[in-house]
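Encoded as structure tokens, the structure appears first; notes follow it.
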Amino acid sequence: MKTEGFRKRRGVVGMRRSAILLVGLAAACSAVRAEPVKLGVDVLREENFAAIEGRRIGLVVNPASVDSSLRPTAEILRETDRCKLVALFGPEHGVYGDEYAGVKVADRTDARTGLKIYSLYGSTRKPTSEMLKGLDALVFDLQDIGSRSYTYISSMRVCLLACAEAGIEFIVLDRPNPLGGRRIEGPPHVEKGFESFVSAMDVPYLHGMTMGELARSVRAREAPAYQKLRVVPMTGWRRDMVWGDTGLAWLPTSPHIPKAETCAAYAATGILGELGPISVGVGYTLPFEVVGAPGVNPEALARAMQEFWSTPKAYAQGALAERERFPQGARCPDGLRFLPKRFKPFYASFKDQPCGGVQIVIDPRRAGTLVEINFRLMEALGAPKFFTQSSVGEKTMFDKVCGSGAPRRRLAEGRDLEPMFQEWRTACAEFAEIRKPWLLYGE
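For the sequence shown, numbering that gives the first Met the number 0 begins at 0 and goes up steadily by one.
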């Protein structure tokens, strides 16, 4: 009996040791998975600013240009004695991030540091030779949101081309694509005649690339002789990471991108938001996360999008509101939820007017094709009216953001969207192969 008791005790001890070992192994594996993401600016500092040593530099920044501990890049470069920070350059919304979308920003002088601030969203969007005079390098450190129409990648492009013309270095401090590095979606090309600052690069609407990778594509496609591009890459970032996987804090990249989750919402509703008879939450507390207008039935629209994803015209035809038999259709993809929502914008479209619509909840790791949501919502709400009730300027901007007039024509004519979506998917799969030489973080 004593032997039996000893064996039992020894067995218990053994199991405890095994459990402790397993916990330890799990913790070790977790530690490996949780390798911190270091931004380009973090790596630059760790390497003792070797990439910019002894250089007079200009710096393209805004309030989201910080290191992983939230210290501003401008402050870091101003305080080091390894380089000389000469001037700041500001994109759309300005160096301070306090200007409204589309508003021209003037040059100024920073009151605290005395540094000259050149606007790249004012009288010019491309740095002039006078702005670059006396610089050895232009350093670019802006956080993108992953959508082609967000103008920071356009600013990067013209900065690179200006540096190529001036014969100076262009240095990109790389940052994550908040939607991850594998999501390639939406209108795949910018057609001739539709180039603009919201469609300056011929890449899919969601390109799945970082700013540094996009810079490599610009150099390869538009300035192949230019040999002074340098990308300071991140460490610890992988293509399967969305922002929530990075462990980094999000700072607003512009007034209506207040949190990381807004990046996916912008992809889902930003194109739709260019048109007149709809609010996408700009002017409310949930920019790009809600879609609606006066007179919309929230419950019916939510049901149309949630349960009849492939046939959302059920709402436009009144079938849902009248509780008639619904046309057959597939449910929306996992990772997407459409919730009934009533809201009243504080400014912008439908200011102070009660609106009905939906709130879109997105899991960026799982959700299907985000960009298609723009067009499925338009179909559900009666696509033709979006163009009959929009101004010429709004329709022009819609085309520019799409990079083509074809989506507008198809929607206005009430034609089936699925063939267009399939064309996009095929072209995006082709782009996944085209972009491989420019990638820095595997496939």
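For each residue, glycine too, the CB sits at the ideal point set by N, CA and C. As the structure is a computational prediction, the values presented were derived from the model and not from experiment.
Measure the CB-CB distance between residue i and residue j and report whether it falls below 7 Å.
i    : j    : result
S198 : H92  : no
F349 : M304 : no
A248 : M155 : no
R229 : I167 : no
G334 : V289 : no
E221 : W437 : no
L43  : L87  : no
P203 : F430 : yes
G291 : S278 : yes
V104 : S118 : yes
L205 : R182 : yes
G282 : P344 : yes
K394 : F386 : yes
L369 : A301 : no
A50  : V231 : yes
R54  : A136 : yes
K125 : V157 : yes
Return the Cβ separation of residue i and residue j in integer angstroms, given the expectation that the two are a contact with Cβ distance under 8 Å.
i    : j    : result
S390 : G275 : 6 Å
P297 : K340 : 6 Å
V241 : R364 : 6 Å
L131 : P90  : Actually they do not touch by this definition, with Cβ atoms about 16 Å apart.
G207 : G243 : So it is not a contact: roughly 17 Å between Cβ atoms.
V60  : V94  : 6 Å
I56  : L76  : 7 Å
I270 : F397 : 7 Å
Q358 : L285 : 7 Å
For residue i, which of the options has the nearest alpha-carbon?
i    : options                   : result
L84  : F196, Y440, A299 and L134 : L134
I256 : R107, G280, R341 and R70  : G280
Y120 : L131, P232 and V102       : V102
Y99  : G392, Y346, R238 and T368 : Y346
A382 : E412, R365 and L369       : E412
D448 : V94, E52 and S403         : Coverage of the chain is limited to positions 0 through 442, which leaves residue 448 absent and any answer about it impossible.
Q439 : R182, M233 and M396       : For clarity, residue 439 is Leu in the given sequence; the question names Gln instead. Of R182, M233 and M396, the residue nearest in Cα terms is M233.
L172 : L369, A63 and A379        : A63
L178 : D362, G272, V36 and P344  : D362
E194 : T209, V231 and S153       : S153
G367 : G192, P126, A267 and A136 : A267
G272 : N373, E74 and P71         : N373
G441 : T209, Q388 and A73        : T209
D351 : F342, Q358 and R414       : F342
L380 : A299, S403, R409 and F420 : A299
T123 : A136, A161, T261 and D97  : A161
Y225 : G269, M396, E164 and D201 : E164
G377 : G402, L410 and A405       : Checking the sequence shown, residue 377 turns out to be Met, not Gly. For the residues G402, L410 and A405, the minimum Cα distance to M377 belongs to L410.
G402 : D415, T425 and F196       : F196
V360 : Q388, R408, E260 and G404 : E260
Could you pull out every residue in the same chain whose Cβ sits closer than 6 Å to the Cβ of residue i, ignoring the five residues on either side in sequence?
i    : result
P175 : W236 and T245
R32  : With a pLDDT of only 49 at R32, under the threshold of 50, the placement of this residue in the model should not be trusted, and no figure is reported.
A26  : Here A26 scores only 43 on pLDDT, less than 50, and its place in the model is too uncertain to base an answer on.
G96  : N61 and P62
Among residues of its own chain, excluding the 5 on either side of residue i, which ones have a beta-carbon nearer than 7 Å to its beta-carbon?
i    : result
Y265 : I144, S146, I256 and F287
A30  : For A30, the predicted model reports a pLDDT of 39, less than 50, meaning its position is unreliable; a value from the coordinates is still stated below. So no residue of the chain qualifies.
M0   : Bear in mind that a pLDDT of 46 at M0, under 50, signals an unreliable position, so the number given afterwards is only what the model happens to contain. Contacts found: none.
F48  : T79, R81 and C82
E422 : none
P353 : P293, R341 and K343
Y151 : P90, L141 and D143
C427 : I183, E184, P187 and P203
E371 : F420
Is there a C-beta anywhere in chain D that falls below 7 Å from the one on residue i?
i   : result
V36 : You won't find chain D in this structure, because it holds only one protein chain.
Which residues in the same chain as residue i place their Cβ atom closer than 8 Å to its Cβ, once the five residues preceding and following it in sequence are excluded?
i    : result
V36  : S67, P175, M233, T234, G235, W236, M240, T245, G246 and L247
K384 : P276
Checklist entry - Three or more C-beta pairs closer than 8 Å, one from the segment 103 to 111 and one from the segment 181 to 192: is that the case here? => result no
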